[in-house]
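Using the numbering used here, the first residue of the sequence shown is number 41, and each one after it goes up by one.
Just so it is clear, CB atoms sit at the ideal spot from N, CA and C, and this is done for glycine as well.
Please read these numbers as outputs of a predicted model, since none were measured by experiment.
First the structure, in the form of structure tokens, and then the observations on it.
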Amino acid sequence: MTERVRAVLLLEQAAGYGLASLAALPAGGLGRPTPCAGWTVADLLGHLRESMAALQEATDHGAVALLPPAGPHTGPPAELAGPPAGPADPVAAVRAGAARLLAGWRRWAARPGPACVPVRVGGLPVPGDTVALVGALELAVHGWDLARACADARPIPAPLALAILRRAPQLADASTRTAMFAAPVPVSPLAAPSDRLVAFLGRDPAHPAAG
């Protein structure tokens with residue numbers, strides 16, 4: 041199995057987890073708070089739409105602008121402030137965006153060529169499998185945020201969390217953490233993989249699921 045295929049499989053698993061978390065959202069639940077401080081479910085869905093659109097540019101055009109800031113300490117994205125301007129059905133829009141994203145990355149994984157086809161991110165070449173792993177990290181951790189907001193305490197599946205944890209220090213290093221994530225939350229090294237991953241990305245694993 042090539043690194044391209046392996047990265048896209050992780051992206052598929054992360055999308056599946058995130059969409060399953062979203063399935064638990066009750067009617068009228070877009071205003072629920074999430075573990076991302078200052079973000080409602082609607083804010084988080086808006087961010088996910090933007091992130092997935094950016095990640096899709098990587099497969100469609102071989103280049104992508106930097107992903108929107110995603111840290112739980114940054115507050116709602118500025119473009120989401122004020123009267124909502126998003127789609128009439130944000131949940132359906134995220135589902136459709138995920139389907140397009142995965143279709144694009146599957147095509148990318150099937151292309152002939154070097155194992156790590158580069159993608160230009162902010163003008164710099166980055167291995168495509170690394171970009172796909174960033175997408176898997178985004179979808180997994182925000183799937184956890186949605187699960188907590190939807191009163192669903194399901195953890196990130198252990199194999200997925202462990203695979204992301206192995207690369208997480210490279211994906212969220214000192215140069216990107218301030219813009220994208222809060223400081224790590226201390227947890228036991230014996231904690232479950234899901235807890236260690238969300239803690240590394242600035243979430244409190246003990247954050248209560250919304251009721």
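Proximity of residue i and residue j at Cβ, strictly below 9 Å
i: Leu205; j: Pro224; result: no
i: Ala47; j: Leu173; result: yes
i: Ser61; j: Leu202; result: no
i: Thr99; j: Arg147; result: yes
i: Gly183; j: Ile196; result: yes
i: Pro152; j: Arg89; result: no
i: Val45; j: Ala149; result: yes
i: Ala189; j: Arg72; result: yes
i: Ala191; j: Ala64; result: yes
i: Ala208; j: Leu230; result: no
i: Pro75; j: Asp235; result: no
Minimum C-alpha distance to residue i - residue among the options
i: Gly58; options: Gly78, Ala77, Met92 and Arg44; result: Met92
i: Ala128; options: Pro158, Ser228, Ala82 and Glu90; result: Ala82
i: Ala103; options: Ser61, Gly175, Pro158 and Gln53; result: Pro158
i: Pro199; options: Leu237, Glu178 and Thr170; result: Leu237
i: Gly86; options: Thr170, Val134 and Gln53; result: Val134
Coarse secondary structure for residue i, derived from DSSP in three states
i: Leu164; result: strand
i: Ala110; result: Only weak support is given to the placement of Ala110: the predicted model assigns it a pLDDT of 49, under 50, and the value that follows is read from those uncertain coordinates. Correct three-state label for Ala110: coil.
i: Ala193; result: coil
i: Ala55; result: helix
i: Pro245; result: coil
i: Ala231; result: coil
i: Pro152; result: coil
i: Val225; result: coil
i: Pro127; result: coil
i: Thr252; result: Outside the displayed range of the chain (41 to 251) lies residue 252, so it cannot be described from this structure.
i: Thr80; result: strand
i: Ala103; result: strand
i: Pro209; result: helix
Own chain, CB closer than 8 Å to residue i, minus 5 neighbours either side, in chain order
i: Pro226; result: Ala239
i: Pro84; result: Sequence inspection shows Leu at residue 84; the Pro mentioned does not correspond to that position. Cβ within range, chain order: Thr74, Cys76, His182, Asp185, Leu186 and Ala189.
Minimum Cβ-Cβ distance from residue i to chain D less than 9 Å
i: Val48; result: The structure shown contains no chain D; it is built from a single protein chain.
Contacting residues, own chain, Cβ-Cβ under 6 Å from residue i (five flanking each side not counted)
i: Phe221; result: Gly111, Ala212, Leu241 and Gly242
i: Leu70; result: Val81 and Ala82
i: Pro66; result: none
i: Gly137; result: Arg89 and Met92
Same chain only: Cβ atoms within 7 Å of residue i, ignoring 5 sequence neighbours per side
i: Gly144; result: Gln96, Thr99 and Asp100
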